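Presented below is the structure to which this report refers.
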DNA sequence: AAATAAAAGGGTGTTTTTCCTTGCTCAAAA
DNA sequence: TTTTGAGCAAGGAAAAACACCCTTTTATTT
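Protein chains in written order, with the working numbering: chain A, -2 to 211; chain B, -2 to 211.
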């Protein structure tokens, strides 16, 4: 019997090896190899055609080259490879981003073994797999207005990181070599852009969007 | 050959099942069952003696009953059971807390399969396993001053969570049905207790110590 | 019963933040 | 060339946050 080949990409070695062990118990699948990050995968893919699998199980949060960038790359260079996202977070925007760059499935890490097997099977046989959650999400995003990507400038991001400290705005102005009143300006712009009311809102936005990591 | 029994506790089902699959490939070990959180484990342990394993692989961040609480409980009620912590985070204080409540090993989730097998073997044969990191950490904590646990009251924690929102202190006072002046008091006390200068400092402390999750 | 600690609240004054408006410069678009 | 707009700077006023002083009441300890 011909087994479908699977590659697992996750920075947590134990997790990827454990999932590998699990996938190897599935009748129709076998693991080709595992990677610690997107860069490793790109290197493998580029080195030889025999390293190109049927399915990639892709974690989203990784150092060096994250799941979204990597999936994008796969979509552009190896259209035939099916990417299934595998993540702990079920934040709407993240899932949508993965689907947008070409992932054809999305699984949370707290699903059952049987669900993973079914998902893999459906992917290679039908070409897609989505949990109900994801389906609902897609419906919403189709009907609803796109959240219109907020674009931040380099300086605004620098300022935001300072805003996440205990410095007063005057001290931030010193650090950035600008007048306090200019800093006032950045703040005001960001308040309206990000739709927040005060500095705490700014801090929360920065953290949620990984502009600042506590 | 007699196999040692292992129980895995992790809220991410896929991860725990995958690790289970891996552990089952080890010659000397077999998985008895897996749990989604500490409460489930306590229930199992309490229901019958045949559910008490040789080793518990314990995740730290879980809903309902986290790894530290659960390990504490095991230490108190089932001294013979070896608990090995298994976590993504390698923050010093967390590791120390786990060891303090009785864990006899600590593994990061990005270790190799072979390392896990060796760790399990050493635990059942020698009674302990620590990576070099953990050993170094222990040395440090023995020589150095204990960071003197900061004790927060229920009310202060409630207040802190509100402080992590965009509400003004006056609005927080309303929500907590207290005078704004009382809220002022909480803030002042916390500023000195936690050694921070302003509300942003408070927010950061709350996030770092998981009092508030963004 | 006295001492102590915690919880709630009050007064006053300073500093910081927030909001709104105005003006300048430079560069790209019409 | 004029217009438009982004980026930078700044003033003034009001609101919020912060600091430090305090009293009263209610539990808890001794």
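C-beta: ideal position from N, C-alpha, C; glycine also. As the structure is a computational prediction, the values presented were derived from the model and not from experiment.
* Taking Cβ to Cβ, would you say residue 0(B) is nearer than 9 angstroms to residue 118(B)? -> Against the second chain, residue 0(B) aligns to sequence position 3. Against the second chain, residue 118(B) aligns to sequence position 121. No, these two residues do not count as a Cβ contact at 9 angstroms.
* To do: Would you please verify whether the beta carbon of residue 193(B) is less than 9 angstroms from any beta carbon of chain A?
  => In the second chain, the residue the question calls residue 193(B) occupies position 196. So yes, residue 193(B) belongs to the interface.
* Using CA coordinates, which residue listed in 67(B), 206(B) and 109(B) is at the minimum distance from residue 89(B)? -> Residue 89(B) sits at position 92 when you count from the first residue of the second chain. Per the Cα distances, 206(B).
* Assign residue 217(A) to one of two classes, buried (16 or more other C-beta atoms within 10 Å of its C-beta) or exposed (fewer than that). => No answer is possible for residue 217(A): it lies beyond the span of chain A, which begins at -2 and ends at 211.
* To do: May I ask which residues mark the beginning and end of the alpha helix (DSSP H) holding residue 176(A)?
  => As a working note, residue 176(A) is residue 179 in the first chain. For residue 176(A), there is no enclosing alpha helix (DSSP H), as DSSP marks it with neither H nor E.
* Asked: With respect to 8 angstroms, is the separation between the Cβ of residue 23(A) and the closest non-hydrogen atom of the ligand FMN below this value?
  -> For the structure depicted, the ligand FMN is absent and the ligand set is empty, with no information on it obtainable.
* Asked: What's the call for residue 125(A), buried or exposed, on a 16-neighbour Cβ count within 10 Å?
  -> The sequence position of residue 125(A) within the first chain is 128, counting from 1. With fewer than 16 Cβ atoms within 10 Å of its Cβ, residue 125(A) is classed as exposed.
* So, are the CB atoms of residue 57(A) and residue 84(A) less than 9 angstroms apart? -> Here residue 57(A) is taken as the residue at index 60 of the first chain, counted from 1. Here residue 84(A) is taken as the residue at index 87 of the first chain, counted from 1. In terms of Cβ geometry, residue 57(A) and residue 84(A) form a close pair [threshold 9 angstroms].
* Asked: Just the Cα atoms here: how many angstroms apart are residue 113(A) and residue 6(A)?
  -> Taking the first residue of the first chain as 1, we reach residue 113(A) at position 116. Taking the first residue of the first chain as 1, we reach residue 6(A) at position 9. In this structure, the CA atom of residue 113(A) is about 15 angstroms from the CA atom of residue 6(A).
* Any idea which residues DSSP pairs residue 2(B) with across the strands? -> Translated into the one-based positions of the second chain, residue 2(B) becomes position 5. 27(B).
* For residue 109(B), which option in 204(A), 16(A), 3(A) and 2(A) has the closest C-alpha, if you only look at C-alpha atoms? -> The residue given as residue 109(B) occupies position 112 in the second chain. That would be 16(A), whose Cα lies nearest to the Cα of residue 109(B).
* If you draw a straight line from the alpha carbon of residue 111(B) to that of residue 19(B), how long is it in whole angstroms? -> Translated into the one-based positions of the second chain, residue 111(B) becomes position 114. Translated into the one-based positions of the second chain, residue 19(B) becomes position 22. Distance between the alpha carbons of residue 111(B) and residue 19(B) is about 10 angstroms.
* In the DSSP assignment, find the alpha helix (DSSP H) that holds residue 164(A) and state where it starts and stops. => As a position in the first chain, residue 164(A) is number 167, starting the count at 1. That residue, residue 164(A), is in no alpha helix (DSSP H); it is neither H nor E in DSSP.
* Asked: Of all the options 54(A), 150(A) and 94(A), which has the alpha carbon lying nearest to the alpha carbon of residue 104(A)?
  -> For the purposes of this step, residue 104(A) is taken as residue 107 along the first chain, with counting starting at 1. The shortest Cα separation from residue 104(A) among 54(A), 150(A) and 94(A) belongs to 54(A).
* **Run of the alpha helix (DSSP H) containing residue 197(B), from where it starts to where it stops** => Your numbering for residue 197(B) matches position 200 in the second chain. Note, residue 197(B): alpha helix (DSSP H), 196 to 205.
* To do: Mark residue 161(B) as exposed unless 16 or more other C-beta atoms lie within 10 angstroms of its C-beta, in which case mark it buried.
  => The sequence position of residue 161(B) within the second chain is 164, counting from 1. The residue is buried, with at least 16 neighbouring Cβ atoms inside 10 Å.
* Asked: In angstroms, rounded to a whole number, what distance separates the CA positions of residue 179(B) and residue 67(B)?
  -> Along the second chain, one-based indexing puts residue 179(B) at 182. Along the second chain, one-based indexing puts residue 67(B) at 70. Answer to the nearest angstrom: the Cα atoms are 36 angstroms apart.
* **Cross-chain neighbours of residue 107(A) in chain B, by beta carbon under 7 angstroms** => Position 110 of the first chain holds residue 107(A). Near residue 107(A) (Cβ distances below 7 angstroms), the residues of chain B are 8, 9, 10 and 11.
* Asked: Residues of chain B with CB under 9 angstroms from residue 84(A), in chain order?
  -> As a working note, residue 84(A) is residue 87 in the first chain. The contacting residues do not exist; residue 84(A) stays about 10 angstroms from chain B at best.
* Asked: Which term fits residue 95(B), buried or exposed, when burial requires 16 or more other beta carbons within 10 angstroms of its beta carbon?
  -> Against the second chain, residue 95(B) aligns to sequence position 98. With 16 or more Cβ atoms within 10 Å of its Cβ, residue 95(B) is classed as buried.
* Boundaries of the alpha helix (DSSP H) in which residue 157(B) is found, first to last residue -> Along the second chain, read from residue 1 onward, the residue named residue 157(B) stands at position 160. Taken as a continuous stretch (DSSP letters only), the alpha helix (DSSP H) holding residue 157(B) covers 151 to 160.
* Does DSSP classify residue 169(A) as helix, strand or coil? -> For the purposes of this step, residue 169(A) is taken as residue 172 along the first chain, with counting starting at 1. If DSSP states are grouped into helix, strand and coil, residue 169(A) belongs with the helices.
* Is residue 98(A) helix, strand or coil when you go by DSSP? -> Reading the first chain from its first residue, position 101 is the one you call residue 98(A). Reduced to three states, the DSSP call for residue 98(A) is coil.
* Nearest CA to the CA of residue 43(B): which residue from 183(B), 71(B), 33(B) and 116(B)? -> Locating residue 43(B) in the second chain gives position 46, where the first residue counts as 1. The candidate whose alpha carbon is nearest that of residue 43(B) is 71(B).
* To do: State the start and end residues of the unbroken alpha helix (DSSP H) segment that holds residue 20(B).
  => The residue labelled residue 20(B) in the question sits at position 23 within the second chain. Per DSSP, residue 20(B) belongs to the alpha helix (DSSP H) from 10 to 21.
* Asked: Where does the unbroken beta strand (DSSP E) through residue 56(B) begin, and where does it stop?
  -> Mapped onto the second chain, residue 56(B) falls at position 59. Here the beta strand (DSSP E) through residue 56(B) covers 52 to 56.
* To do: Whole angstroms is fine: what's the gap from residue 194(A)'s alpha carbon to residue 200(B)'s?
  => Here residue 194(A) corresponds to residue number 197 of the first chain, with the count starting at 1. Here residue 200(B) corresponds to residue number 203 of the second chain, with the count starting at 1. Roughly 15 angstroms separates the two Cα atoms.
* To do: Output, in chain order, the set of chain A residues within a Cβ distance shorter than 8 angstroms of residue 14(B).
  => Position 17 of the second chain, counted from the first residue, corresponds to residue 14(B). Under the 8 angstroms cutoff, chain A gives 19, 109 and 110.
* To do: For residue 52(B), decide whether its Cβ has a neighbour in chain A, counting only Cβ atoms nearer than 9 angstroms.
  => The residue given as residue 52(B) occupies position 55 in the second chain. Not closer than 9 angstroms to any Cβ of chain A, the Cβ of residue 52(B) fails to qualify, so no.
* Asked: Beta-carbon separation of residue 59(B) and residue 8(B) under 9 angstroms?
  -> Here residue 59(B) refers to the residue found at position 62 when the second chain is read from its first residue. Here residue 8(B) refers to the residue found at position 11 when the second chain is read from its first residue. Yes, the pair counts as a contact, with Cβ atoms nearer than the cut-off.
* Asked: Looking at the C-beta of residue 32(B), does it have a partner C-beta in chain A at a distance below 9 angstroms?
  -> Against the second chain, residue 32(B) aligns to sequence position 35. Chain A, which has no Cβ nearer than 9 angstroms to the Cβ of residue 32(B), makes this no.
* To do: Spatial neighbours of residue 62(A) within its chain, please: CB distance less than 6 angstroms, with the 5 preceding and 5 following residues excluded, ordered by chain position.
  => Position 65 of the first chain, counted from the start, is the residue given in the question as residue 62(A). Same-chain partners within the cutoff: 34, 35 and 36.
* Measure the C-alpha to C-alpha separation of residue 28(A) and residue 4(A) and round it to an integer number of angstroms. => Numbered from its first residue, the first chain carries residue 28(A) at position 31. Numbered from its first residue, the first chain carries residue 4(A) at position 7. Going by the C-alpha atoms only, they are around 6 angstroms apart.
* **Beta-carbon contacts of residue 209(A) that lie in its chain and below 6 angstroms, excluding the five residues immediately before and after** => As a position in the first chain, residue 209(A) is number 212, starting the count at 1. Once the five neighbours on either side are set aside, the close Cβ partners of residue 209(A) are 158, 161 and 203.
* Thinking C-alpha only, which one of 38(A), 80(A), 77(A) and 148(A) is nearest residue 190(A)? -> If you number the first chain from 1, residue 190(A) lands on position 193. That would be 148(A), whose Cα lies nearest to the Cα of residue 190(A).
* Should residue 201(A) be flagged as near chain B, meaning a C-beta pair shorter than 9 angstroms? -> Counting from one through the first chain, the residue named residue 201(A) turns up at place 204. The Cβ of residue 201(A) sits closer than 9 angstroms to at least one Cβ of chain B.
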